[in-house]
Every structure is written in structure tokens, then in C-alpha cells.
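Engineer:
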Amino acid sequence: MIRKILKNFRKTGLDPQTADEILKEVFEICGREPNPTPTEVLVSYRNYRQERYALQKHVLDMVLLLFFLLPLLFILPVFSLTPDREAEPGRPVYHIDVNTFLPISRVTAAIDGYNVSVYETDRHTYAIEPARNGNMTVTVTLANSQYVTQNILVDDVDRESPQLISSRQENGRLYLCFSDNDSGIYYEGIYAMDTQGERIEPLSWDAGTGCVEFLCPTSTIHIYILDHTGNQLQLVVSVV
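All residue numbers for the sequence shown refer to the numbering used here, where the first residue is 84 and numbers rise by one.
1. Going by beta carbon distance, what residues of the same chain come within less than 7 Å of L164, once the five residues before and after it are set aside?
2. Residues in the same chain with beta-carbon distance under 7 Å from L156, minus the five sequence neighbours each way, listed in chain order, please.
3. How many Å lie between P160 and I187 at the Cα?
4. Please work out which residues of its chain come closer than 6 Å, Cβ to Cβ, to W288, disregarding the five sequence neighbours upstream and downstream, and give them in chain order.
5. Buried or exposed for V142, going by 16 or more other Cβ atoms inside 10 Å?
6. Give the straight-line distance between the Cα atoms of A290 and P213, rounded to the nearest whole angstrom.
7. Helix, strand or coil: which one does DSSP assign to L76?
8. Spell out the partners DSSP gives D205 in its beta bridges.
9. Whole angstroms is fine: what's the gap from A275's alpha carbon to L259's?
10. With DSSP run on the structure shown, which of helix, strand or coil describes G217?
11. State yes or no: is the C-beta of L298 within less than 8 Å of the C-beta of I306?
12. From G255, I248, G217 and V223, pick the residue whose C-alpha is nearest to that of L316; which is it?
13. Helix, strand or coil: how does DSSP classify E284 here?
14. Y230 by DSSP, collapsed to three states: which one?
15. Between F261 and V231, what straight-line distance do the alpha-carbon atoms span, to the nearest angstrom?
16. Tell me whether D195 is buried or exposed, calling it buried when 16 or more other Cβ atoms sit within 10 Å of its Cβ.
17. In terms of residues, what are the limits of the beta strand (DSSP E) holding Q317?
18. Return helix, strand or coil for L156, following the three-state DSSP convention.
19. I need the straight-line Cα distance from A170 to G272, nearest angstrom please.
20. Rounded to the nearest angstrom, what separates P175 and M145 at their Cα positions?
21. What residues are listed by DSSP as bridge partners for F297?
22. Got a sec, what are the start and stop residues for the beta strand (DSSP E) Y191 sits in?
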């Protein structure tokens, strides 16, 4: 009964004195002893209980939320690490495709302890262009701090300069033959420099035999031979 009166009191907005008089008359009509506790105290206690209940409800909601989110803390990333079959010879490219619905914190790569740059090419897709050979370790870390590591052997990076295999002079011409088994010789980039700083272009080259033709120099010249990955062989040719 008291709860019902207090509920009506809250809805109608009666002042505490009027509510006390109504409550006293109700008790008299029902033949009950008057309520010794003032209505204002009862209302204050009821408000206190409502606030306490609301706090408990919020705490319980947070506990339930953490309970449902708990499995997310242990989700591991799943990713594939594959070489690009269409990459240039001597310049390997590896693609990383991460399969996850969680945010990715970072993707790192290292070869024998040396960091390798990782480029984001699309959402959850990355590319690595290693500049050295060795055992490459790739690590993908999610926002929940869970990570997975994969290892792959990188052995097709061209770090070798072209090699001179033969040379000869004939009819005022200098013939030099080279080989490069990795990325191949960049014949368009071959040139020579004399002691005066003048650039000398080759007369011709044959990619089939690997031979390059120059005019026989009249003084010492420096010949530069490049491959397609930028490795360079420098030869010093002196007039005998």
C-alpha cells in the first residue's frame, strides 16, 4: 500500500505534507497504526534504492559485455605469404594477405635481423620487396596484441655484379663478353669514361653472346656494366 501511495505521490507531484495527511487518513480508515516514518524519508529511501539498482545494472551490463568480448582477446591473425610470380628477375616481391575482421596493429618483416620495409597495397594486403637473401620472418599483429609469425627463405635477390668472361682486340676494336645469371645485363646502360671525363658509348652489343664492342681506346678508360637490378661492374682498360 505504501509503495502504491509513493508511486502516486511521484506521478501527481504532491508535497510531502499533503502526502503525510493522505497516508494518515488511509491508515485510520483501515484501522491501522499510523506510519511513524515521514513520507519524505520514504521517498528519499526509494530514490536511493533506484539509484543503487541502476548502478548494479550498469555494472552487470559491463561484466556481460566483457564476457562476450573475452574471446576476441585470443583471436589470432590468419595470413598468407606468397611470392609474386610476375616480379622482375632478381627483384622478388612477396604479398601478404591477412584474413581477419579485427583491426591490424602492424605488419613487420626482417631478414637475418635486418628490418625490411612493408608496404600496404590494399585493405589487409601488403607487399614486401626484400633487398637481400636470407631467412625472412614476417609477423602480423592484431589490435588485441595477438600475433602470428611465418618464415620464408629468400634466395632470388640479385646482389651479384656482372662478370667478365673474356676479352680480345681485333681490327681496332675491343670486344668484352660478360655474363649475369640473375637479372641479366642491362646493355642499354653500358658506357665508358676516359680520363678527360668524356663519355664513350659502345659501338654495339649482342645479348645472345653477351659481348660488347668498343673502339680500342688510345688512353685509359673506365667501363661500367650494369645489370637490371643496378649491380655494377667497373673495368679499367689501359692501353698497352
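For every residue, glycine included, the Cβ atom is placed at its ideal position computed from N, Cα and C. From a predicted model like this one, the values you see are computed outputs, not experimental measurements.
Structural biologist: According to the data block:
1. Cβ within range, chain order: Y177, I179, V221, Q233 and I235.
2. N227
3. 9 Å
4. Y270 and V295
5. exposed
6. 28 Å
7. Residue 76 lies beyond the residue range present for the chain, which begins at 84 and ends at 323; the question has no answer from this structure.
8. T208
9. 12 Å
10. strand
11. no
12. I248
13. coil
14. strand
15. 45 Å
16. In this structure D195 is exposed. Its beta-carbon is surrounded by fewer than 16 other beta-carbon atoms within 10 angstroms.
17. Q315 to V320
18. helix
19. Across the structure, A170 and G272 are spaced so that their CA atoms are roughly 21 Å apart.
20. 50 Å
21. L257
22. Note that residue 191 is Thr in the sequence shown, not Tyr. First-last of the beta strand (DSSP E) with T191: I187 to I194.
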